Structures are given as structure tokens and as C-alpha cells.
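Using our numbering, you'd call the opening residue of the sequence shown number 21 and step up by one each time.
Where is the CB? At the ideal position from N, CA and C, for every residue including glycine.
Note that this is a predicted model, so its numbers are computed, not measured.
Here the structure is laid out as C-alpha cells; the discussion comes afterwards.
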Amino acid sequence: MAVFAVENVAVSNLKDSPMHSAHTPHSQSKQVRILTSKGRRHRSLQKILLRCTLTSDSPDQLFTSLVQVLTQHCQPCCILHYSRNQDNQLSDGRLLYNQSSSTLDSAILSQLKSVCLKCADSNEVEIQPYINIEFVLYAAPISIRGQEAETIGAVFPATDSTESYSLLLQMFVSHVVLWHVLNDSLKNEQQAHDSAAIVELLSGIALSATRSQANQYLANELADYLGCRQIAIGMKSGSNSCCQLVSISGGSDFDKASQSVETLESAMNETIQRSTTTSWSTEKNESTLDLVSLKTLGIQQNAQTILMVPFHSSDNETTGAFCVIDIAFDRMESTRCLLEAAATPLANSLNGIQQRSTRAQAWKSVISKRLCGRTGLLTAVTLFALASILFLPWPYQVSCECQVEPVMRRFVVAPFKGTLETLLVEPGDLVHQGDVLARMDPRELQWKRASLIADQKQAIKRRDSAQASREYATQQLSRLEAERLGLEIELLDHRINNLEIRSPVAGIVVSGTLNWAAGAPLEIGEAMFEIAPLEKMLVEIAVPDAEICHVTAGQSVQVQLDALPETDQKLSLDRIHPRSEIRDDANIFVADALLANSQGLLRPGMKGRARIQTARQPVYWILFHKPWNLLRKYLF
């Protein structure tokens, strides 16, 4: 429900008037007491006005009922409604009530319109005394969303207080606004129902197998939704042909040669020629465009109303018409709006059904011609055989790129900080377990060892001297220093005895990070070589992410390496990595398969192709599932 606030009252030209000087505080307080004592009466008035608002079907009926209620509670001289004309300007005013039968004074009307203009501009209630102080002019705005304000102007006899008349006029205006809000809500609700009905009709037409079924469905559903006696649909078969009746609601059979059908088709042809909506009713006993056939049809059908709406194709050509027989007179306007809005979409849907039926009939004729005779029989047998082959199950193979990698990698690192003396292997060399790969330079270690021996002798000398002089603290520190130096000498002896860096496993030197010559410094833990065993190799198969749903561990895979094209290896998938990777700008999942290297021909980095044998699928699925998925990806 809309909430209406009482507008601010702008009183102009009252302070300087004699009537305003009579407004004493005593009279104002008296008026407030009167309004307070009449609270029940005002609540009753609100109920009566609300009842008038809810029961009125048109603005004229609303104004009439509201004016009757208003005049029962006060005595206005006159009430006028100032609406907007085509130029969006306030009109001269439509008289809603006149207390006397005489013509209103033009001076009063002129001043009242000026007050209403000011009210429309300020969007507030305006109160202004008349020139002779006998009357007071009131103007209240009718503010409707999306429209310029209209006004209600009223002339009341001059009284001590303007508050009661102002409140009554605002109540009058607020219920006018309420009626418009409720009416707009009903229209919006009806439009929503109409839109849903159009969508449902289009869906039903799309599901129809033939044009006749679609026409009959449309006629029956429209008649049921609109609540009319009958719906007739006529269509033209060509641009220069006449309109012919194709369906009538309530039954699919009708006599095309009957007089009623001829009259109906004649009325449709007249409507199509004019390409505009026409109507006829017994209330006016005439059609909107004086169409003779439409009037004859109404009399022949004993109908109260006839509504004829043409519909157009997508190229704006009038291709047919809807005929609504015996729709309620108060629903003719809403029915006209609905059919005019739905005409083009419904016509396009019907044309689509017609084109589909035409193509189907053409295919049927071509097939029937092809199947005639011996050649046709042979063609049918061949097509049946091909169709049967398409449904045969066949193993589906997933083709992938693959690469050979070692099962295990061992890194050889520098055992301690020092200087490289010589390198004995290079990447690609085969080594056995324990083979010397490189040798460290011992000179730096030997120099440091000699220095530590000298320091140790000094510590022993200090220990002996302190013991002789009974300096026990110094003697203890010197002894510990000598022991520490002895341990460092043992560490250096161990390093000098293990200067050779040996291979921990047998395999091939995959990589070496040292490209410098002898004498290069090394840090402890620095990687020097990468050695991979060659007894078994790991085949990494790059499965595209679009095919991963068909691949599982344990499936058979056939591997053919580019370096060994004459040999195919049949393996089994051991595991599939759970996370995808990016390789060559493609998203793939890595699947592993073990490959024996008994002949020692395999090397890390070899590439090739792998074909994974997945579950059996129909031949048609194997041939067409990839194009179908691609089509769905970019079109749906």
C-alpha cells in the first residue's frame, strides 16, 4: 500500500488581508478543539473515501463518488480538475461540482487557475483569498510517479480557519493518487500474466509437430486464457493470396464452404488490407472503421463484441489475423494490447513450424523417390548397414604425447667447501656405482692442517708451562684448546683422505652444473651432477584434460617413441597425477607407466606418441563426440 503524507500548506497573500486579521489565537485554538472532537467523524470519512477508491472503475467514476462524499461534509462553491493536455500544460479545468446552477464567474476561474499553476509548480497545497474576501481558493496537487502534477481546485466560503478545508481537499487528492497507484499495480500484474501466457504459447507452438496442430493449440489456449466464446485464426498462403481460416477454438473440423466461414474470411481480409486492429460491439452498433464484413459477422454470430487483430511476419508483411468473438466489453482494450504485442512472435513461431513441415515433406518425397526400384532397395540396405555400424561398440583410444624420464634421480653434491681439482665425467656418460666423478684439490686442506698442527703445539706448550707454574685454570683452558685443534686436524685428515667424489648409483650422468675449469671454488652442498639409473624408465603420458574422464589407472597403453619407431611398447598405467599441469600451452594431466630398459637403448627426454585403450563406446560417439562438445562450448 502506498503511504501518503500530508503536503505542506503554503498560505499566500493572507497576512495583509482583513480576513487574516480576524484570525486571533483564540479562534485558532477553538478550531483545533473542533477538529479534535470530530476525530471519529474523520476516521469514518477515511473509510468512506477508501471504499469509493476501491470500487471505482474509471477516473470519472472516482471523481464523481469522491465529490459526493466531500460535499456531504462541507459546502464548496465549486470543484474543478485541472489535467494535462497534449502539450503537457494545465488545461482550463473540468467542472466536477458547482453549488449553484449559474455559470461560474470568469474572474474566479482565472484566479483559481493561477493558484493551481502555482500549486503544480511548487507541488504543495496553495490557499489564496479571492479579491472580495468572500471566498477562499484552494489548490492541491495530484502527484503521480512519472507524470507532471495535476491539480484539484476548489472554491470555499471564507471562514475563520482554512485548516479543515485544506485537510479535506488533501484527503480527496490522496485517494485520487491511491486509485492511480492501485490501478497501475493491477495493470502491471495483468501485463506479467500476459507475458507468461505468451511465453507458454510460444513453448507449446515449438513443441507442435505440424502447422495444423500449432494453429489448433494456439486457438484453444487463447480462447481459454481470454475467456471469450471463440477464437479464429486466418492466414495467407502467399503474399498475394487471400486469407483463409486455418483453425477455430473448440474443434478442428469446420466446413470451409459454409457462409459463416466465408463471412469470417471476408472480415479477416478487410482487416489485413487495412493492416490495423478493428472492433465491433452491440453497444455502439458500429465498427471502429465502418467495416461492413465485421458488422455482418457480429450479427451472423449473434455476438456482443468482435475484435480483429492482424499479425505480421518479421519483414512487416501482414500474414494473417486473429478474430476474438464475444470477449467482455471491459476487457476489449486489454485483449487488444495483448494480441498486438504477441502477434509478431506468434506469427514467427507459426512460420517456423510451417518451414519445418515443408522441409520434412521435401525430405520425405526425396527419400521415397530414392527408395523406389532396385537401386532404392540397395541404397536402403546400405544405409541400414552403415547405421548399424555406427551403433557397434568399439574400443575408444585416447592419443597423447609422451616423454621418457628416469624413475629415480640422484644428485651428487660437494661434500665440503673447497676447490675443484678436476672433472672426470660429462653429461651423457655411463657410470657405475663407486666410479670417481671428480676430485677436490687437497692443497688448501693441507695448508690449513699444517696451521692447525702448529696451533696445537702452542696450546700443548702453554698447558705444560701453566702446569709447572701451578696455574690450573690456564692449564685447563690450554688442554681443551689442544683437544679442539686435534679434532679439527682429524676432520681435515678425513677430507684429505676422501677428496674423490664418487657416484652413489649406476646410471647415466643426466646433467652437470659445473662448466668452469679446475680451480673453481665449491660450496658445501652445491649440486655437481645428476645421475639417473637406467634399469627402468618412466613414461610420462600427457593426457588432455578433455579426455581425462575416460582414463583410469590400470588401462592398457601402447607407446611408440620417435627414436625407436620400429618398436611398440605395450604398458599399463600405474598412476594418474591428481593435479593438472601446463605443457606446450595446453592443460594436461600426467599419467605414469613403467618401461623396462633391458637393452639400455632408452634415454631420458625421448618423446613419442601413446594410445590409451579406454572403455568401449559406440562408433557414432567416437566419431562425433569431439565436434559436438566443441559446438556446445562455443554456441551454448
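Which residues mark the beginning and the end of the alpha helix (DSSP H) in which residue i is found?
| i | result |
| --- | --- |
| L221 | E183 to L227 |
| R515 | Y492 to N517 |
| I128 | S126 to S142 |
| H93 | P79 to H93 |
| K477 | R463 to A488 |
| T283 | Q279 to R294 |
What are the start and end residues of the beta strand (DSSP E) that includes residue i?
| i | result |
| --- | --- |
| L634 | In the sequence as displayed, the identity of residue 634 is Thr instead of Leu. Start and end: K627 to P638. |
| V602 | A small correction: the amino acid at residue 602 is Ile; Val does not occupy that position in the sequence shown. Looking at the DSSP string, the run of the beta strand (DSSP E) that includes I602 is E601 to R603. |
| L614 | A606 to A616 |
| V529 | G527 to G532 |
| D588 | D588 to S592 |
| K256 | Q250 to K256 |
| I319 | Here I319 belongs to no beta strand (DSSP E); instead the alpha helix (DSSP H) covers V312 to Q320. |
| I551 | A547 to A552 |
| S232 | Premise fails: S232 lies in the alpha helix (DSSP H), R231 to L246, not in any beta strand (DSSP E). |
| E567 | From DSSP, E567 is part of no beta strand (DSSP E); its letter is neither H nor E. |
| P435 | That residue, P435, is in no beta strand (DSSP E); it is neither H nor E in DSSP. |
| S267 | C263 to I268 |
| Q106 | It is not in any beta strand (DSSP E) - Q106 carries neither H nor E in the DSSP assignment. |
| R459 | V456 to M460 |
| M328 | T325 to H332 |
| Y102 | C98 to Y102 |
What residues in its chain sit with their C-beta under 8 Å from that of residue i, if we drop five residues either side in the sequence?
| i | result |
| --- | --- |
| W199 | T73, S76, P79 and L82 |
| L110 | Y102, S103, R104, K133, C136, L137, A140, E170 and T171 |
| G506 | Q476 |
| V23 | Because V23 sits at a pLDDT of 33, beneath the cut-off of 50, its placement in the model cannot be relied upon, and the point is left open. |
| V610 | E560, I561, A562, V563, I596, H597 and E601 |
| F155 | C97, I128, P149, V175, F176, P177 and A178 |
| W648 | none |
| P624 | V424, E425, P426, I528, V530, A552 and M557 |
| G438 | M460, D461, E464, L465, R515, P541 and L542 |
Hey, out of the options, whose CA is closest to residue i's CA?
| i | options | result |
| --- | --- | --- |
| R636 | A547, Y416, S228 and F331 | Y416 |
| S269 | V281, I473, T84 and I253 | I253 |
| V329 | S498, L284 and V559 | L284 |
| L222 | Q589, I373 and A470 | I373 |
| A526 | S600, W467 and L457 | L457 |
| W467 | C357, E508 and I608 | E508 |
| C262 | I225, M288, S278 and F192 | M288 |
| P585 | N607, D612, K627 and V175 | K627 |
| P541 | Q95, M460 and M255 | M460 |
| E183 | Q211, Q148 and Q167 | Q148 |
| G166 | L615, G454, R351 and V201 | V201 |
| L70 | E146, I151 and F192 | F192 |
| Q320 | T302, S121, D335 and D565 | T302 |
| D107 | E168, V145, S64 and S286 | E168 |
| S361 | V529, A217 and A493 | It is Ala, not Ser, that sits at residue 361 in the sequence shown. Ranking the options by Cα distance to A361, first place goes to A217. |
| I164 | L188, N203 and S126 | N203 |
| G340 | N322, S485, R294 and L358 | R294 |
| S130 | S121, L157, R499 and Q233 | L157 |
| Y185 | E146, I151 and I162 | E146 |
| W414 | V639, Y654, N143 and D112 | V639 |
| L90 | Q190, V219 and L651 | Q190 |
| Q236 | L265, L403 and Q210 | L265 |
| A323 | Q250, K653, G271 and N371 | Q250 |
Within a Cβ cutoff of 7 Å, which residues of the same chain sit near residue i, ignoring the five residues on either side of it in sequence?
| i | result |
| --- | --- |
| V87 | I99, L116 and Y117 |
| L246 | V344, I347 and T355 |
| C248 | V344, I345, D346 and I347 |
| A226 | S369 |
| L651 | none |
Can you give the beta carbon distance from residue i to residue j, rounded, assuming they're within the 8 Å contact cut?
| i | j | result |
| --- | --- | --- |
| A367 | S313 | Contact flag wrong, Cβ pair sits at about 22 Å. |
| L554 | G620 | 6 Å |
| F349 | T325 | 6 Å |
| R469 | L512 | 4 Å |
| S592 | I551 | Contact doesn't hold; Cβ gap of about 27 Å is too wide. |
| P435 | I521 | 7 Å |
| H93 | L65 | 6 Å |
| V529 | V433 | In fact, because the Cβ distance is near 14 Å, the residues do not count as touching under 8 Å. |
Flag residue i as yes when its Cβ comes closer than 7 Å to any non-hydrogen atom of the ligand ATP, and as no otherwise.
| i | result |
| --- | --- |
| H213 | Here there are no bound small molecules, and the ligand ATP is not part of this structure. |
Output needed for residue i: all residues of its chain with C-beta closer than 6 Å, excluding positions within five of it in sequence on either side, in chain order.
| i | result |
| --- | --- |
| W300 | S307, L314, K315, G318 and I326 |
| C420 | I561, A562, V563 and A630 |
| W641 | none |
So, do the stretch 577-587 and the stretch 621-633 have three or more beta carbon pairs nearer to each other than 8 Å?
yes
Mind the definition here: the stretch 583-597 touches the stretch 556-575 only if three or more C-beta pairs lie below 8 Å; say whether that holds.
yes
Between the stretch 542-552 and the stretch 465-480, do three or more beta carbon pairs fall short of 8 Å?
no
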